[in-house]
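Visitor: In my numbering, the protein residues as written are 41 to 133.
Even for Gly, the Cβ is constructed at its ideal location relative to N, Cα and C.
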Ligand code: SF4
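#1: Please confirm whether any heavy atom of the ligand ZN lies closer than 7 Å to the CB of residue 108.
#2: Which residues does DSSP pair with residue 60 in a beta bridge?
#3: Please tell me whether residue 99 and residue 60 are closer than 8 Å, where the distance is taken between their beta carbons.
#4: Roughly how many whole angstroms lie between the Cα atoms of residue 72 and residue 92?
#5: Is any heavy atom in the ligand SF4 found nearer than 7 Å to the beta carbon of residue 82?
#6: Kindly list the residues whose CB is nearer than 7 Å to the CB of residue 102, restricted to its own chain and excluding five residues on each side of it in sequence; keep chain order.
#7: Roughly how many whole angstroms lie between the Cα atoms of residue 106 and residue 89?
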């Protein structure tokens, strides 16, 4: 585990210590799909810019409950939830 910060003690950055999300450009720029993401995520990780594109609410990332609702709302393969602490991602390969 080279270079990994010990998240169990000491100072840790506020944003995205445990979770990150990757959204494909096509999904990120689709206002209808982005609206769906903002509706389904129970912890408000997705927001919508005035031009309809997605904005990731980074301060909420670590509230992710791994429910996969966003993944199920998006076209297959266009959205991934990354578990930074384990190197795994959802949906599972
Ligand atoms: S897995 Fe659930 S909590 Fe996490 S970003 Fe997706 S919808 Fe939000």
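Guide: From the atom records:
#1: Looking for the ligand ZN in the displayed structure turns up nothing; the ligands present are the ligand SF4.
#2: 122
#3: no
#4: 8 Å
#5: yes
#6: 56, 57, 58, 59
#7: 24 Å
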